[in-house]
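Reading through the structure tokens given below for one structure.
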Amino acid sequence: MLGKDINIKGRGPLPVTKTGWYFVLLCCIMLLASCSDTDYMNVIPKESSAVISIDMQRAGQSSGTALLQKLLHVNNLGNSGLDFKSKAFVFAAPDGSLGYCMKLRDKGDWEEFLTKVTARGGARRLTDRRGCQFAAVGNSVSGWNDGALLVMGPVTPAAQSELQVQMARYLTADANEGFTASKMYERLDSIDTPMAMVAKVSALPQKFSPAFMLGAPKDADVSQVLLSAGIENNEGLLLFHCSTFSFNSRIDGALKKAEKVFRPIQGKYVAQLNEGNLFSMFMNVDGTEFLSLLQADKGLQALLAGINAAIDMDNIIRSVNGDMTIIVPSYSDKELQISMLAQLAHTRWTADIGYWKQSVPKGSTLSDCGTHMWCYQNGTSKFFFGYTPDLQFYSGTDMASARINKGKNNPMMRRLITGCHRAMIIDFSSSTSQKALSAVAAFTAPVFGKVKKVVFLF
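Count along the sequence shown from 1, add 15, and you get the number used in the numbering used here.
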């Protein structure tokens with residue numbers, strides 16, 4: 016029927032030439048090809064808690080393959096049958112295990128490549144499952160089908176068989192069951208950067224998750240709030256240009272409303288960024304508006320609970336109008352160190368200090384320790400707070416961290432933070448972070464290169 020006219024009711028016959036049919040056919044082929052280009056992504060579990068995409072054409076091939084080389088214990092992936100023109104993905108599966116996914120261009124080349132790795136003692140073939148092939152490499156398991164490579168781990172030898180069953184299910188997932196059918200994929204695919212991430216707050220280190228819940232309703236769960244980000248490594252600073260959102264319309268509405276509370280940061284307290292501080296958060300707010308967000312954040316409320324027992328921090332926060340910084344120098348299960356600095360609009364809260372002195376918990380004291388400076392002590396724990404003549408509030412668990420630091424300069428960090436509405440920094444050089452984030456650091460280094468600090472910019 017090529018060349019025949021097509022009759023549309025009410026319009027009469029429309030001439031269709033052979034050239035026209037070829038054009039339609041070509042469009043169909045291109046459409047089908049574009050669909051199949053995403054098939055390999057469906058081995059990523061639909062319910063993954065975090066997914067990072069790496070465009071190796073733009074980010075550089077080494078960014079996408081360094082982690083895989085580490086997992087496979089090889090120095091080169093040449094002639095491996097992998098498709099380096101397609102995106103690679105790193106993900107956190109629903110059970111918390113880490114996975115890596117790449118498109119397989121030529122299954123035969125991959126199996127020949129793996130045979131060489133096996134001959135060197137670097138891999139061991141495992142039993143096929145559901146038409147998929149598997150190999151154990153180091154403490155991970157590699158599985159593949161005709162178009163996708165999936166690597167997951169770490170796993171003990173005893174648990175390899177169970178992981179294979181799980182991976183076989185992922186490798187045989189169709190378009191309705193895999194990652195491309197998820198809302199997370201839609202969000203990730205919309206981020207036009209060489210490296211991008213979408214993650215549930217529940218997938219982030221638990222110690223830092225409260226900072227990302229600011230603005231969410233009090234009853235919101237960490238699995239309901241997500242972070243989307245474009246990622247870049249700038250001279251050892253791993254930058255996440257991000258925003259929080261939710262697939263729950265009520266929670267998402269609250270998060271969007273909260274964004275209006277955060278004003279452009281002036282960078283007044285960037286000099287407080289001492290090397291080794293575990294966590295720092297910068298913002299510029301009207302304290303009364305910010306307090307409502309803080310009171311809805313159960314995690315941050317728990318962080319300040321010990322101080323609030325003796326000092327009405329809520330009243331102090333109400334007096335803030337301008338830049339505000341919260342710094343956690345270190346963190347352990349036994350002791351929390353925290354420092355807060357902020358530009359005040361007034362000091363009317365000082366009228367209540369006499370009452371605070373009389374109502375401190377038993378065994379504690381609140382006393383003057385300088386001009387416009389006070390010290391709360393409970394056993395061996397101390398908390399200093401006060402304000403300067405130009406109405407800058409300062410506080411900390413020791414005199415050094417409590418003081419306003421005017422002598423340091425961080426030009427790059429100042430440039431990054433100034434003008435943002437929120438900034439959060441995790442310092443990997445901190446001795447505390449090296450213990451708490453050792454697994455994270457081991458994961459980020461192969462993917463992103465050497466990382467000194469992780470910076471979240473909103």
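C-beta atoms are modelled at their ideal positions from N, C-alpha and C, and glycine is treated no differently.
Note that this is a predicted model, so its numbers are computed, not measured.
What residue from the options has the CA that sits closest to residue i's CA?
i	options	result
D52	M328, D327, M439 and A103	A103
K85	T433, S63, M167 and A311	M167
A81	N91, A138 and D124	N91
G111	F305, L219 and L306	L219
M388	A357, S410 and P376	S410
H436	F297, Q316 and Q373	F297
K100	L119, A226, I280 and P109	L119
S68	K61, S78 and D405	S78
M210	D98, V66, G291 and M428	V66
W159	P172, Y115 and S238	Y115
L83	V105, D367 and N94	V105
V180	Q407, R144 and P60	R144
H361	G401, T340, S345 and P376	G401
Q239	C257, D267 and N248	D267
What did DSSP end up calling residue i once you bin it into helix, strand or coil?
i	result
K283	coil
S101	coil
R26	Because the pLDDT at R26 is just 46, under 50, the model does not fix this residue reliably, and the value given afterwards should be weighed accordingly. Here R26 sits in coil by DSSP.
M210	strand
F473	coil
K313	helix
T433	coil
K275	coil
P60	strand
F408	strand
V132	helix
F463	helix
A107	strand
Give me the Cα-Cα distance between residue i and residue j, rounded to the nearest whole angstrom.
i	j	result
G475	G162	In the structure displayed, the chain extends from 16 to 473; residue 475 sits before or after that span and is not available.
M414	F399	7 Å
S243	M212	6 Å
T471	A325	Position check: residue 471 holds Phe in this sequence, whereas Thr was assumed. So the two alpha carbons sit approximately 32 Å from each other.
V216	R265	17 Å
N57	Q148	17 Å
L306	G137	56 Å
L203	R278	26 Å
I441	E250	15 Å
K465	S379	45 Å
L381	M117	60 Å
A226	K283	20 Å
K275	K372	37 Å
F463	L252	10 Å
I322	A183	51 Å
F473	D329	24 Å
L270	A231	6 Å
L47	S295	Caution applies to L47, whose pLDDT of 38 falls short of 50 and renders its modelled position unreliable; the value that the coordinates give is listed next. Answer to the nearest angstrom: the Cα atoms are 48 Å apart.
D236	A317	16 Å
E192	G337	48 Å
I246	K468	13 Å
T130	A188	26 Å
F255	T395	38 Å
N393	A108	44 Å
L141	A320	53 Å
Y55	A196	13 Å
A190	K61	10 Å
T433	Q281	5 Å
Y185	D98	20 Å
S374	Q407	26 Å
Per DSSP, which one or two residues make a beta bridge with residue i?
i	result
A235	A235 pairs with nothing; no bridge assigned.
W159	Q148 and L164
I326	I326 pairs with nothing; no bridge assigned.
E201	BP columns for E201 are empty, so no partner.
C390	S382 and F399
With a CB to CB cut of under 6 Å and the five nearest residues on each side skipped, what residues in its chain are close to residue i?
i	result
I353	V343
L229	L308 and D312
K233	A311
D70	K102 and P209
M427	none
Ignore the nearest five residues each way along the sequence and tell me which others in residue i's own chain have a CB closer than 7 Å to its CB.
i	result
V170	N154, S155, V156 and L178
F262	K198
I206	S243 and G245
S49	Note that S49 has pLDDT 40, beneath the 50 cutoff, so the model's placement of it is unreliable and no number is given.
Is residue i near the ligand COA, judged by its Cβ being under 6 Å from some heavy atom?
i	result
S238	For the structure depicted, the ligand COA is absent and the ligand set is empty, with no information on it obtainable.
Considering only residues of the same chain and omitting the five flanking positions on each side of residue i, which have a CB-CB separation below 8 Å?
i	result
N425	V285, A286 and L288
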